[in-house]
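Each residue of the sequence shown is one higher than the one before, counting from 1 in the working numbering. Contents: one structure, followed by commentary.
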Amino acid sequence: MAKDGRVHQIDAEELAAEVDAGARNPVGVAGKIMIGICIAWSLYQIYIASPLPALLQEWARNIGFDIQFYMGSVKTRRIHLAFALVLAAMAFPLFKSSPRDRIPWYDWALAVIGIVVTLYAVVFQDQIAERAGLPTTADLWISAVGIILLMVTTYRALGLPLVIVTSVFLLYVFFGDKGWVPEVIQWKGASFSKAMWHFWMQEEGVFGKPLEVSTTLIFLFVLFGAILEKAGAGGYFIKVAFALLGHLRGGPAKAAVVASGLSGLYSGSSIANVVTTGTFTIPLMKRTGFTPEKAGAVEVASSTNGQLTPPVMGAAAFLIAEFTGTPYFQLVKHAFVPALISYIALVYIVHLEALKLGLKGLPKPETGRTKAQSLMLFMAGFLGMMILFGAVYYGLGWIKVAFPGITYSVVVLMLLAAYLILVWRAARYPDLEADDPNAPITELPRAGETAIKGLYYILPIILLIWLIMVERTSAATAAYYAVVLMTFIALTQHVLKGFFRGDLRIGEQLWRGFREWVDGLIAGARSMIAIAVATAAAGIIVGTISLTGAHQVIGSFVEYLSAGSLIVMLLLVAVMSLILGMGLPTTANYIVVSSLMAPVILSVGAQNGLLLPAVAAHLFVFYFGILADDTPPVGLAAFAAAAISGGDPIKTGVQGFMYDIRTAILPFLFVFNTELLLIDVTVWKGIFVFIIGVIAMLMFASATQGYMFVRNKWWETVALLLVAFTLFRPGFWLDKVQPPFVEHAGSQVFELAQKAEPGTLLRLRIEGPDFNDPDRIKGTFINVELQKGATGKDRLAKSGLMITIKDGKAVLEEPMPGTPFFDLARTFDFYGDKPVLVARAYSKAERMPKEVFYIPALLLLGLVMLAQWRRKKRIEAQAAAQAA
1 MAKDGRVHQI
11 DAEELAAEVD
21 AGARNPVGVA
31 GKIMIGICIA
41 WSLYQIYIAS
51 PLPALLQEWA
61 RNIGFDIQFY
71 MGSVKTRRIH
81 LAFALVLAAM
91 AFPLFKSSPR
101 DRIPWYDWAL
111 AVIGIVVTLY
121 AVVFQDQIAE
131 RAGLPTTADL
141 WISAVGIILL
151 MVTTYRALGL
161 PLVIVTSVFL
171 LYVFFGDKGW
181 VPEVIQWKGA
191 SFSKAMWHFW
201 MQEEGVFGKP
211 LEVSTTLIFL
221 FVLFGAILEK
231 AGAGGYFIKV
241 AFALLGHLRG
251 GPAKAAVVAS
261 GLSGLYSGSS
271 IANVVTTGTF
281 TIPLMKRTGF
291 TPEKAGAVEV
301 ASSTNGQLTP
311 PVMGAAAFLI
321 AEFTGTPYFQ
331 LVKHAFVPAL
341 ISYIALVYIV
351 HLEALKLGLK
361 GLPKPETGRT
371 KAQSLMLFMA
381 GFLGMMILFG
391 AVYYGLGWIK
401 VAFPGITYSV
411 VVLMLLAAYL
421 ILVWRAARYP
431 DLEADDPNAP
441 ITELPRAGET
451 AIKGLYYILP
461 IILLIWLIMV
471 ERTSAATAAY
481 YAVVLMTFIA
491 LTQHVLKGFF
501 RGDLRIGEQL
511 WRGFREWVDG
521 LIAGARSMIA
531 IAVATAAAGI
541 IVGTISLTGA
551 HQVIGSFVEY
561 LSAGSLIVML
571 LLVAVMSLIL
581 GMGLPTTANY
591 IVVSSLMAPV
601 ILSVGAQNGL
611 LLPAVAAHLF
621 VFYFGILADD
631 TPPVGLAAFA
641 AAAISGGDPI
651 KTGVQGFMYD
661 IRTAILPFLF
671 VFNTELLLID
681 VTVWKGIFVF
691 IIGVIAMLMF
701 ASATQGYMFV
711 RNKWWETVAL
721 LLVAFTLFRP
731 GFWLDKVQPP
741 FVEHAGSQVF
751 ELAQKAEPGT
761 LLRLRIEGPD
771 FNDPDRIKGT
781 FINVELQKGA
791 TGKDRLAKSG
801 LMITIKDGKA
811 VLEEPMPGTP
821 FFDLARTFDF
831 YGDKPVLVAR
841 AYSKAERMPK
851 EVFYIPALLL
861 LGLVMLAQWR
871 RKKRIEAQAA
881 AQAA
């Protein structure tokens with residue numbers, strides 16, 4: 001059994017390597033060259049993120065040298081992709097038959113071509129700028145070869161799905177004007193020279209925003225996670241999770257959920273997460289009674305959800321912030337509650353599975369404490385974590401007030417002192433060792449002793465939180481300093497532990513730390529190959545949309561299929577996001593689904609009265625794109641888990657998706673109830689929303705799993721679904737009782753704007769000739785945030801709307817560029833025979849609080865719980881009687 005388990009583990013690691021870091025590990029000189037390039041790439045990214053280029057530039061200027069130490073974002077993007085193309089040729093075999101231990105001649109050639117096509121624009125940047133869109137033959141050759149090489153590299157690093165999607169968009173660019181293309185999606189087409197210039201020489205395509213985010217943000221966070229992992233934090237998080245939860249029912253499965261959640265804090269890949277934590281958790285789950293498919297599915301669901309967990313969110317958080325214009329700090333806040341609710345529900349699902357199977361936990365070490373004392377200790381630990389969080393937010397925030405000129409110095413000294421104390425405490429215990437998951441476990445490790453052994457790993461995360469939440473620095477700055485602190489910890493932890501233990505083998509210990517840090521640099525660079533290539537390839541999709549307006553075509557198509565139904569539209573977008581996300585890494589997944597599907601939700605939703613913040617639409621498609629990781633038939637995370645568990649990968653994927661149904665409903669809920677994203681809520685309202693959300697999700701999990709205290713009866717399942725829906729969206733019932741708005745004629749818009757308080761939102765229905773089909777009248781809704789002004793007309797004008805009353809109708813003039821409503825100029829034909837009108841205006845109705853509907857929902861929940869509790873007691877009494 002152990003041997004079989006090891007074989008499956010090797011298969012899973014090979015799959016993870018093929019997907020994330022490349023399956024080739026060349027030996028000899030070639031291997032050393034590849035390692036050197038990996039290290040160089042990581043050090044280069046640290047260099048451009050540091051203050052060093054600016055300092056060197058200033059120093060050179062002071063002594064009279066004109067040397068460029070800092071390269072602008074255009075050059076850094078191209079150098080970033082050059083590293084990725086070279087390493088992809090070295091690390092990812094082009095064919096299945098390609099050697100794994102050496103680099104063939106054609107891959108050396110492709111690496112050199114990658115350097116030439118990416119650095120061409122760096123060397124000739126000034127000349128290219130002077131040509132201003134008039135490419136030379138050399139420009140076109142470089143661009144064409146660059147696109148072809150990128151497609152080849154995408155295939156070798158990411159597989160066929162992204163190549164197919166990207167190829168479809170390229171074909172649309174060149175052949176979208178042909179007669180054989182359906183008229184509904186035709187466009188005017190682009191010449192070869194215009195397309196090549198757009199995609200390769202400008203910053204609109206390959207070297208656009210996605211690659212910029214990869215260069216400036218994603219690499220640093222992936223590198224931080226890699227160093228953290230190699231320094232020992234990955235194993236530490238797993239051990240802590242097992243020590244805390246292993247003794248509970250289905251303890252290994254619950255520990256797998258928590259460990260995967262902790263890994264998701266810094267991991268950029270659900271497949272890597274499965275392999276890292278699943279190697280240990282899946283065999284233990286099987287030993288405690290889980291079937292291979294369910295053990296694998298729990299790990300898959302846990303690891304997939306890790307991609308939805310702030311602050312990294314599978315390295316896509318920074319792309320979401322960039323695409324939506326949401327500050328990174330705000331994005332983390334928006335994503336926090338849904339991710340936490342989802343994980344709590346998954347722990348509960350595991351508990352229900354353990355109840356169904358009658359499972360027990362692993363043996364717990366004898367502590368001599370009573371259950372009451374253990375509970376008090378647990379509560380004290382939870383309270384301690386809350387105090388720690390408060391200390392980070394308020395305590396370090398106070399330092400900024402108390403020491404305004406030396407805040408950073410004081411924080412550095414405090415972190416250093418905390419690090420020394422925590423390492424001293426850790427040195428009093430033996431280091432954590434990797435356990436064999438197939439070996440018998442006679443007793444779980446002590447939770448407190450396990451936790452203290454690596455508590456100092458949390459310090460870089462605290463620094464990251466402080467910089468982002470308190471200092472409000474950019475995510476790139478926060479990540480850079482977190483990498484610096486993690487580097488310091490990696491290099492010094494073994495030396496300091498040895499010193500505190502009286503073991504003064506300083507050279508050996510320093511070399512061990514240095515080796516782990518270098519391993520982190522290498523692992524970070526190898527993990528970034530696929531991400532950099534993915535963002536570059538996805539840039540072609542973004543460039544195509546900016547060149548052709550393809551998202552409007554897809555929006556019209558979805559609008560036609562949904563026939564104006566919001567729910568049908570959202571279901572279509574969800575299915576399309578699942579299909580588009582299959583087989584893609586998280587970053588490419590998000591770029592593809594968000595570029596195509598998020599504008600559809602925003603535009604079609606607005607036409608039907610659903611006015612959403614952009615971040616809600618982007619998180620909606622992101623969630624469903626991520627769920628593709630466990631959705632058959634592709635479901636790469638399910639294949640990795642099945643390779644470890646020995647189960648059927650399709651059954652594992654199906655079971656994982658069944659566990660993830662709770663995650664799949666969250667996007668529908670926060671689209672209609674944005675309070676779940678903590679949008680426009682106070683702190684206390686946010687806590688209330690979280691508590692209600694947890695209760696609702698637990699009830700939904702009970703309904704879908706068919707179990708609470710005992711197996712559900714059909715009416716109990718229906719009741720639980722009704723309770724969950726009401727708690728999540730009480731506004732649905734309120735809208736049935738009291739309409740949310742009072743409708744007024746459009747001609748009354750000035751009076752309504754005059755009466756409303758400045759800063760409030762006024763909803764308007766705009767109708768007019770379709771921009772693409774002037775004979776068709778279309779409509780949409782907008783929310784106008786009213787500004788201060790003497791009259792209603794002034795307030796609307798300051799908000800960006802120029803309206804005049806003609807013949808009793810409110811006529812809207814074309815919004816000016818730079819105003820919030822300039823998109824209307826691409827929606828309506830403002831120069832047609834028929835004017836664009838404010839058809840109707842809406843003011844908010846006075847209504848009772850929607851929370852009133854929580855009362856009947858909770859009463860119904862109480863009825864279900866009472867029925868289940870009585871049935872449970874009856875079953876226990878019958879069992880006791882039979883035993884007697």
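Virtual Cβ for every residue (Gly too), placed ideally from N, Cα, C.
Within the segment 733 to 811, the beta strand (DSSP E) runs of at least 3 residues that lie entirely inside it are, in chain order, 741 to 745, 761 to 769, 777 to 785 and 803 to 806. Residue 837: member of the beta strand (DSSP E) spanning 837 to 844, first to last residue. For the pair residue 656 and residue 680, the CB atoms are not nearer than the 7 Å cut-off. Rounded to the nearest whole angstrom, the CA to CA distance from residue 540 to residue 828 is 28 Å. In the three-state reduction of the DSSP assignment, residue 828 falls in the strand class. The Cβ neighbour count for residue 29, taken over all protein chains shown within 10 Å, is under 16; the residue is labelled exposed. In the structure shown, the three-state DSSP call for residue 874 is helix. Linking residue 108 to residue 138 through their CA atoms gives a straight-line distance of about 23 Å.
The DSSP-derived three-state label of residue 847 is coil. Rounded to the nearest whole angstrom, the C-alpha separation of residue 614 and residue 761 is 17 Å. Across the set 623, 612 and 626, the C-alpha of 612 shows the shortest separation from the C-alpha of residue 672. Note on residue 313: 16 or more other CB atoms within 10 angstroms of its CB, so buried under the neighbour-count rule. The alpha-carbon of residue 873 is positioned some 58 Å away from that of residue 210. Secondary structure note for residue 203: it is in no alpha helix (DSSP H), with a DSSP letter that is neither H nor E. Its chain contains 423, 426 and 427 as the residues whose beta carbon lies nearer than 7 Å to that of residue 497, once the 5 sequence neighbours on both sides are disregarded; these appear in chain order. If you ignore the 5 residues before and after residue 263, its C-beta comes within less than 7 Å of the C-beta of 234, 237, 273, 276, 277 and 306, all in its own chain and listed in chain order. Residue 24 carries a coil assignment under DSSP once its states are collapsed to helix, strand and coil.
459 is the residue among 493, 294, 459 and 100 whose C-alpha sits nearest the C-alpha of residue 481. By alpha-carbon distance to residue 463, the top candidate from 124, 485, 47 and 363 is 485. Membership of residue 229 in the alpha helix (DSSP H) is indicated by the continuous run 219 to 230.
Counting along the chain, the unbroken alpha helix (DSSP H) around residue 651 starts and ends at 649 to 659. Across the structure, residue 593 and residue 711 are spaced so that their CA atoms are roughly 39 Å apart.
Counting along the chain, no alpha helix (DSSP H) covers residue 817, and no H or E run does either.
The same chain holds no residue with a CB closer than 6 Å to that of residue 413 once the five nearest residues on each side in sequence are set aside. Only residues of its own chain outside the window of five on either side were considered, and among them 746, 747, 749, 803, 837 and 838 have a CB closer than 7 Å to the CB of residue 810, listed in chain order. Counted as a single uninterrupted DSSP element, the stretch harbouring residue 307 is not any alpha helix (DSSP H), since DSSP gives it neither H nor E.
When only Cα atoms are considered, residue 661 and residue 410 end up about 47 Å apart. Linking residue 120 to residue 38 through their CA atoms gives a straight-line distance of about 22 Å.
In this structure, the beta-carbon distance from residue 350 to residue 254 falls below 7 Å. By the criterion of a C-beta distance shorter than 7 Å, residue 753 is surrounded in its chain by 762, 786, 792, 795 and 796, once the five residues flanking it on both sides are discounted.
Shown here, residue 100 sits in coil according to DSSP, grouped into three states, outside any helix or strand.
Excluding five sequence positions before and after residue 189, the CB atoms of its chain that fall closer than 6 Å to its own CB belong to 176 and 177, given in chain order.
A distance below 7 Å between beta-carbons, with the five flanking residues on each side excluded, links residue 675 to the following residues of its chain, in chain order: 681 and 689. As a beta-bridge residue in DSSP terms, residue 707 pairs with 711. If the five residues before and after residue 595 are omitted, its C-beta is found closer than 6 Å to the C-beta atoms of 541, 542 and 545, all from its own chain and listed in chain order. When the Cα atoms are used, residue 172 and residue 647 turn out to be separated by approximately 42 Å.
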